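A.B. asks: With my numbering, the residue at position 43 of the sequence shown is 43, and numbering never jumps. Yeah, the Cβ is synthetic: ideal placement off N, Cα and C, and Gly gets one too. It should be emphasised that the depicted structure is a prediction, and the values quoted were computed from it without experimental measurement.
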Amino acid sequence: MSNLGLLLKISFLNTIGINKLRESSKAENIKKISIGILILFSIIVLMGSMFSLMLDLADMLKKVNQMELLLVIGFLGAVIFNLVNSIYKAPSYLYQARDYEMLSSLPIKDSTIFASKIILLVSSNYLYSAFIMIIPSLVYFIKGNYSFIYIINLL
Numbered sequence: 001m002s003n004l005g006l007l008l009k010i011s012f013l014n015t016i017g018i019n020k021l022r023e024s025s026k027a028e029n030i031k032k033i034s035i036g037i038l039i040l041f042s043i044i045v046l047m048g049s050m051f052s053l054m055l056d057l058a059d060m061l062k063k064v065n066q067m068e069l070l071l072v073i074g075f076l077g078a079v080i081f082n083l084v085n086s087i088y089k090a091p092s093y094l095y096q097a098r099d100y101e102m103l104s105s106l107p108i109k110d111s112t113i114f115a116s117k118i119i120l121l122v123s124s125n126y127l128y129s130a131f132i133m134i135i136p137s138l139v140y141f142i143k144g145n146y147s148f149i150y151i152i153n154l155l
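So, in structure tokens, the structure goes:
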């Protein structure tokens with residue numbers, strides 16, 4: 001189990017690219033950080049526009065007494081996005097990885113290497129689902145006038 005945890009940690013650090021910041025020059029680091037800030041700003045703007053769109057959709061759905069469709073729309077969006085993303089990313093991520101030859105030469109079982117890659121793929125899908133589902137869920141609970149106890153019971 002320690003090999004699996006170590007593989008997960010190393011793969012996560014390599015995916016984020018923190019190790020590359022130490023090796024590159026200051027100008028390259030500033031460029032990478034500014035691109036990261038620009039991407040974060042773009043995500044915030046996209047989430048804000050999606051929140052505004054969901055608020056308008058919630059108003060229309062509330063008029064016809066179908067607020068539950070807001071959660072269904074968010075769920076279907078997350079499922080479709082994860083399905084397309086998994087079909088696109090899984091073959092190259094699991095079987096055509098650049099680091100597989102190096103990892104297979106280490107004294108680690110192939111099943112542990114494969115399990116770490118599966119866990120990282122599933123966790124990235126959960127993260128994408130959370131980003132997609134959080135906005136319709138927030139709008140549903142804001143516009144639906146539900147109490148906090150209802151949210152706890154729902155979980």
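Leaving out five residues on either side along the sequence, give the residues of the same chain with a beta carbon under 7 Å from the beta carbon of residue 71.
C.D. replies: Result list for residue 71: 136, 137, 140, in chain order.
A.B. asks: Considering only residues of the same chain and omitting the five flanking positions on each side of residue 58, which have a CB-CB separation below 6 Å?
C.D. replies: Correct list, in chain order: 70, 139, 143.
A.B. asks: Using only alpha-carbon positions, find the residue among 23, 9, 47 that is nearest to residue 134.
C.D. replies: Nearest of 23, 9, 47 to residue 134, Cα basis: 47.
A.B. asks: If I follow the unbroken alpha helix (DSSP H) through residue 36, where does it start and stop?
C.D. replies: 26 to 63 is the extent of the alpha helix (DSSP H) around residue 36.
A.B. asks: Just tell me which of 12, 7, 6, 3 has its CA closest to the CA of residue 124.
C.D. replies: The shortest Cα separation from residue 124 among 12, 7, 6, 3 belongs to 12.
A.B. asks: Under 7 Å, do residue 116 and residue 82 count as touching if we go by C-beta distance?
C.D. replies: Against a cut-off of 7 Å, the Cβ pair of residue 82 and residue 116 comes out as no contact.
A.B. asks: Assuming residue 121 contacts residue 88 under a Cβ cut-off of 8 Å, what Cβ separation, rounded to an integer in Å, is found between them?
C.D. replies: The Cβ separation is near 11 Å, so there is no contact.
A.B. asks: Rounded to whole angstroms, what is the Cα-Cα separation between residue 74 and residue 106?
C.D. replies: Using only the alpha carbons, I get a separation of about 43 Å.
A.B. asks: When the Cα atoms are used, what is the spatial distance from residue 7 to residue 67?
C.D. replies: The straight-line gap from Cα to Cα measures roughly 43 Å.
A.B. asks: Hey, out of 146, 119, 150, whose CA is closest to residue 5's CA?
C.D. replies: Comparing Cα positions, the closest option is 119.
A.B. asks: By DSSP, does residue 102 sit in helix, in strand, or in coil?
C.D. replies: DSSP places residue 102 in helix when its eight states are reduced to three.
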